[in-house]
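Encoded as structure tokens, the structure appears first; notes follow it.
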Amino acid sequence: MIEWTGVIVQGVLLGGLYALFAAGLSLIFGVMRLVNIAHGDLIILAAYMGLTTTVMLGVHPFLALLIVMPVMAGLGYVLQRGILNQTLGDDILPPLLVTFGLSVIIQNALLETYTADPRKLDGGGIEVASIDLGGLAIGVLPLMTFLIAVAVIAGLQFVFYRTALGRGFRAVSDNQDIAQLMGLNKAHVFGLAMALALAVVAIAGILLGMRTSFDPAIGGGRLIFGFEAVIIGGLGNLWGTLAGGVILGVAQTIGAKIDPGFQILAGHIAFLIVLAVRPNGLFPRVDH
Amino acid sequence: MSAATVTRSTRASRIAMVLGLLGLVVLAAAPWWAGRADMRLMGEIYLYLSLACLWNLMAGYAGLVSVGQQAYVGFGGYMLFALTVFAGLHPVVAILLGALLAAAISVPVAVLIFRLKGAYFAIGTWVVAEVFRLSFAQIQALGGGSGSSLPVAVVKELGAKKAAREATSYWLALGAAVVVLLAVYLFLRSRRGLALTAIRDSEVAASGLGIDIWRTKLEVYVVTSAFTAIIGGLIFLQKLRISPDAAFSVNDWTAFVIFIVVIGGIGTLEGPIIGTLLFFALREVLADYGTIYLMVLGLVAIVVMLKAPKGVWGLIRDRYDLELFPLSYRVRQKD
Amino acid sequence: MPELLELSGLDAHYGDFQALYGLDMTVREGEVIAIIGANGAGKTTLMRSISGLLKNRSEDVRYKGQPIGALRADQVAELGIALVPEGRQLFPSLSVEENLLIGGKVGREGHWSLRAVYDLFPILEERKRQASTSLSGGQQQMVAIGRALMANPDLILFDEISLGLAPVVIRQIYDALPGIVGQGMTAMIVEQDITKALSVSSRVYCLQEGRISLEGATGEVSHEDITAAYFGMDT
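Residue numbers (my numbering), protein chains in the order written: chain A, 1 to 288; chain B, 289 to 623; chain C, 624 to 858.
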């Protein structure tokens, strides 16, 4: 019994990481209806940036965030204004194919720079530390990851619904022309949204890099996990995204417990079941 | 008084047809004039051309942008191995049966992923491909995660001698490309093709005309999946070895195909042909650079998408009003 | 009075379709201009052109002497032109108060604030937490007007503010107009309801098929002139 409880707790904590993969994706889609195929590769890019920072400056990965986050945010803004804004419109092909091209470019640029060897961020003692909870050992790093995910989503929720920036996001999402009349330059607003999304991607990348080893090819898989969390949770609902991540994480750890080869497959199957039973996700956003 | 007639063919399209037939004869005779390496390359070109045409039919005409066609490439490949090894079928029969199975499995898949719209549909197709990959990796009889080779006895069914086998394999690839091109062309000329064009131009208007959009898209998805499985079978008949990572590779069977179609010209029949030729030309030039080559490809695709969304063929067509595969109707004055 | 807005030879296009042909128009500070005309005469296109939603030749539209025809709508808004769009077009995911606050985003100084808007339309203060879509049509129109006022514009454009509203509500809104333009704001009012438009304006322009067919001080144009200009009939 305690064994299975452990499996489920692990899954919940893993879900935090997936929610972080998903949050940026969800934010971007909410504001500008853009699905970024390169999202997973950007997560891996952030992990590699963390690697370079920790190696060059000899700092802990958490401290590296102080550099990686602003750099990724800046990259997001430039990417959005330089390229992605040009792809937005009624046709879904341009954003899809352009971000697909970006994904291939990032992957191969990482391959060229860092080779295909798996790398890892050195988190030090925190990686092996655990707390004992009534016979249940909970890893400190997974627990921190989950708490960070909750904090990030609460933060995004706050920005979205309680600040002028979030008001701008929602207004542009509602009606681009009228938002422009209010003095909101949508090109800039979209840039800010992508900057925020990639700041979250930076956090996700660093946490991923401390948890497991990574190589340039695994971005696609992270995109898929994030996407599954978004769909399971329901489009346009940030807390739903966390729930989606948790469900995905639990499905994966249960699958892995049955047979290590089933881990990822079990997650996909959970996703397909939700898609079959509740096509709008478990917690779709209710519009006023 | 001069009478006007409505026609689809143009002089360019008739010349193209004659040249195409002549070219086909020359290509069919390749085993007598081409070297082994050239034949291998040409076979690969035909198979990529077929994949590009099929992906273009889905994305460029039916609005189904998939990044998961590797699901059916790999499925077709695995069916070739499974049906020849376990059921003792002839490879060609195995490939055709594999196509039927792919069609059958694509129906429930479509019912599920058609619930996702636009870009989310794209990622959904990717998830399906991953499910296929992970599932086949679980089948120990087919070599599990590390894959297996096609037994010599099966290979010999294509011909006793190596040269004969290679010629057969070449002709199968050429034949498949011709069939796919013709099928896509005839489909687009048919009533259903017109319905598809109507949907592409405006879903609202199309449904107002009584076109069942969901059904039309489903038909395209199922037919494309079956043909893609055939191509997958032929690809792995050439390779003689299969593994989950190779069979369900998103880079090999989807990324390249997307680049081919985008660069050549999405939503046109000529685009995939031009794109395939450009793709292989670029590959021959830059093959030694590996990763750089892929980055260049990605960059070219982005630039094309932003600056010339109709691709190279679009540029040519706008300039010279050419149409090699006559799809549109033209009004002509008769003297 | 100095000129606030000057249109000279304004052409406007939607793709291949030309909607406005060489419009010349002058609006002086403090004036209230009525723009009348039949459906499709180009009234809304005119509003979109001035507010920057439709891009034109830069020199065609001058505001305080500065060419603004090619600016984006957000840049025009920063300069002090606000539009109350046809059909109200509130932001559905924003509450009433948030709709008003986003109107103040350009951050220009002036008389108008949340307080002032609530004083003008007290009902909005009661409903400030509600979703903007839950309000009645008239109340939504008040939000749309308040949202434009929050920018403290020097020139405010009203596009069909009485469309689809009950007569009693229309009266209520028009009764509030003097309180708005009384603050020294210049206004252009597009209306199908000619009587209403004339009752609050000092000058009138009539549009017909993208051209100006009549122009004059409100008191000086006759009913016959307007009928002729409106329908394009010779009388």
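By construction, the Cβ of each residue, glycine as well, lies at the ideal position given by its N, Cα and C atoms. A quick note: this is a predicted structure, and the numbers were derived from the prediction, not measured.
Below-8 Å beta-carbon distance, residue i vs any chain A residue
i: Val766/C; result: no
i: Ile580/B; result: yes
i: Leu628/C; result: no
i: Pro801/C; result: no
i: Ala543/B; result: yes
i: His636/C; result: no
i: Val719/C; result: no
i: Pro560/B; result: no
i: Ile554/B; result: yes
i: Met346/B; result: no
Min CB distance residue i to chain C below 8 Å
i: Arg119/A; result: no
i: Asn175/A; result: yes
i: Gln180/A; result: yes
i: Ala171/A; result: yes
i: Arg222/A; result: no
i: Gly82/A; result: no
i: Leu93/A; result: no
i: Arg278/A; result: no
Top-ranked residue by Cα proximity to residue i, from the options
i: Glu507/B; options: Gly481/B, Ser495/B, Glu491/B, Ile523/B; result: Gly481/B
i: Gln815/C; options: Arg770/C, Ser785/C, Val804/C; result: Ser785/C
i: Arg421/B; options: Ser531/B, Gly496/B, Thr542/B; result: Ser531/B
i: Val545/B; options: Asp500/B, Leu525/B, Ala375/B, Leu345/B; result: Leu345/B
i: Tyr686/C; options: Asp697/C, Lys678/C, Leu677/C, Ile673/C; result: Ile673/C
i: Phe714/C; options: Leu242/A, Ala199/A, Gly168/A; result: Gly168/A
i: Met194/A; options: Gly101/A, Ala73/A, Thr241/A, Ile232/A; result: Ala73/A
i: Thr14/A; options: Gly155/A, Ile92/A, Asp117/A, Gly267/A; result: The amino acid at residue 14/A is misidentified as Thr; the sequence shows Leu. Among Gly155/A, Ile92/A, Asp117/A, Gly267/A, the Cα nearest to that of Leu14/A belongs to Gly267/A.
i: Ala243/A; options: Leu207/A, Ile264/A, Phe146/A, Thr212/A; result: Phe146/A
i: Lys751/C; options: Arg770/C, Glu832/C, Gly733/C; result: Arg770/C
Span separating the alpha-carbon of residue i from that of residue j
i: Leu435/B; j: Gly521/B; result: Here residue 435/B turns out to be Gly, not Leu, going by the sequence shown. Gly435/B and Gly521/B: Cα-Cα distance of roughly 15 Å.
i: Gly226/A; j: Arg695/C; result: 36 Å
i: Leu723/C; j: Val172/A; result: 15 Å
i: Ala461/B; j: Ala350/B; result: 25 Å
i: Gly730/C; j: Gly855/C; result: 43 Å
i: Tyr473/B; j: Leu557/B; result: 7 Å
i: Leu368/B; j: Leu430/B; result: 11 Å
i: Arg296/B; j: Met69/A; result: 57 Å
i: Glu720/C; j: Val150/A; result: 29 Å
i: Gln641/C; j: Ala635/C; result: 6 Å
i: Thr818/C; j: Gly807/C; result: 23 Å
i: Ile796/C; j: Ile812/C; result: 13 Å
i: Ser845/C; j: Gly833/C; result: 22 Å
Which residues DSSP lists as bridging residue i, in chain order
i: Pro216/A; result: Bridge partners of Pro216/A: none, in fact.
i: Met648/C; result: Leu630/C
i: Ser436/B; result: Ile530/B
i: His636/C; result: Gln641/C
i: Asp132/A; result: Ala137/A
i: Gln831/C; result: Arg834/C
i: Tyr458/B; result: According to DSSP, Tyr458/B bridges with nothing at all.
Beta carbon proximity, residue i to chain B, threshold 8 Å
i: Val274/A; result: no
i: Pro314/A; result: Missing from the structure shown is residue 314/A; chain A here goes from 1 to 288 and no further.
i: Asp153/A; result: It should be noted that the sequence gives Ile, not Asp, for residue 153/A. No, Ile153/A does not count as interfacial toward chain B.
i: Pro70/A; result: no
i: Asn237/A; result: no
i: Gln252/A; result: no
i: Gly101/A; result: yes
i: Ile105/A; result: yes
i: Asn108/A; result: yes
Proximal chain D residues relative to residue i, where beta-carbon distance stays under 9 Å
i: Leu141/A; result: As a matter of chain content, chain D is missing from the structure shown, whose protein chains are A, B and C.
Notebook entry, point to check: Are at least three pairs of beta-carbons, each pair with one atom in the stretch 544–557 of chain B and one in the stretch 591–603 of chain B, less than 8 Å apart?
Noted result: Verdict: yes, contact present.
Assess, as a yes-or-no matter, whether the stretch 74–92 of chain A is touched by the stretch 382–399 of chain B under the definition of 3 or more beta carbon pairs within less than 8 Å. Cβ pair count under 8 Å is below three, so no.
Checklist entry - For the stretch 353–362 of chain B against the stretch 534–547 of chain B, are there 3 or more C-beta pairs whose distance is under 8 Å? => result Inter-segment contact for the stretch 353–362 of chain B and the stretch 534–547 of chain B is present: three or more beta-carbon pairs are separated by less than 8 Å.
Counting pairs of Cβ atoms below 8 Å between the stretch 332–345 of chain B and the stretch 559–567 of chain B, do you hit three or more? Proximity of the stretch 332–345 of chain B to the stretch 559–567 of chain B meets the contact definition, three or more beta-carbon pairs being nearer than 8 Å.
contact_flag[the stretch 723–740 of chain C, the stretch 210–220 of chain A] where n(CB pairs < 8 Å) is 3 or more: Too few Cβ pairs lie closer than 8 Å, so no.
- prompt: How do the stretch 446–464 of chain B and the stretch 296–305 of chain B stand: do at least 3 beta-carbon pairs fall below 8 Å, yes or no?
  reply: These segments do not touch.
Worksheet item: How about the stretch 365–380 of chain B and the stretch 314–331 of chain B: do they share at least three Cβ pairs that are nearer than 8 Å?
Response: The stretch 365–380 of chain B, when compared against the stretch 314–331 of chain B, does not touch it at the 8 Å Cβ threshold.
Do three or more CB pairs link the stretch 657–668 of chain C to the stretch 816–831 of chain C at distances below 8 Å?
Contact between the stretch 657–668 of chain C and the stretch 816–831 of chain C is established, with three or more Cβ pairs separated by less than 8 Å.
How about the stretch 749–762 of chain C and the stretch 691–707 of chain C: do they share at least three Cβ pairs that are nearer than 8 Å?
Contact fails between the stretch 749–762 of chain C and the stretch 691–707 of chain C, because fewer than three Cβ pairs, one in each stretch, are under 8 Å apart.
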